[in-house]
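Student:
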Amino acid sequence: MHGTANWQKRRAAQLASEPLCRKCKANGLVVSATVADHIEPHRGDPEKFWTGELQSLCDHCHNSLKQKEERRDESLETDADGVVAESLFGEGRV
Ligand SMILES: [Zn+2]
47 MHGTANWQKR RAAQLASEPL CRKCKANGLV VSATVADHIE PHRGDPEKFW
97 TGELQSLCDH CHNSLKQKEE RRDESLETDA DGVVAESLFG EGRV
């Protein structure tokens with residue numbers, strides 16, 4: 047659903063109306079938002095996806111938010127890849 051033209055429009059409208067990351071702003075930081083995030087996870091529900099309220103986030107805040115959600119219900123998110131494990135594995139070696 048995220049690839050559709052309608053979503054691109056919604057996302058652009060959200061970022062235009064709220065150009066700064068909401069979470070960073072709450073912490074007193076000014077960071078450009080790049081992600082229009084559903085405040086309430088839509089979980090594939092078209093109704094929530096198209097009408098649910100959005101918030102603007104930067105990549106960093108969006109990723110940390112999504113990681114928390116994925117831990118909460120791992121069964122719903124199956125597109126995790128091996129990038130994290132790989133970077134952990136590669137670090138700390140001399
Ligand atoms: Zn942020």
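In terms of my numbering, the sequence shown is residues 47 to 140. Backbone N, C-alpha and C fix where the C-beta goes; we use that ideal spot for every residue, glycine too. On a predicted model such as this, the values are computed, not experimentally measured, just so you know.
1. Report whether the distance from the Cβ of Val77 to the nearest heavy atom of ligand 1 is below 6 Å.
2. Closest to Glu86 by CA distance: which of Val76, Leu111, Thr80, Glu64 is it?
3. State the start and end residues of the unbroken beta strand (DSSP E) segment that holds Leu100.
4. Quick check: what's the CA-CA separation for Ala58 versus Gly49?
5. Whole angstroms is fine: what's the gap from Ser63's alpha carbon to Ala79's?
Tutor: Taking the geometry as given:
1. yes
2. Leu111
3. 100-103
4. 13 Å
5. 11 Å
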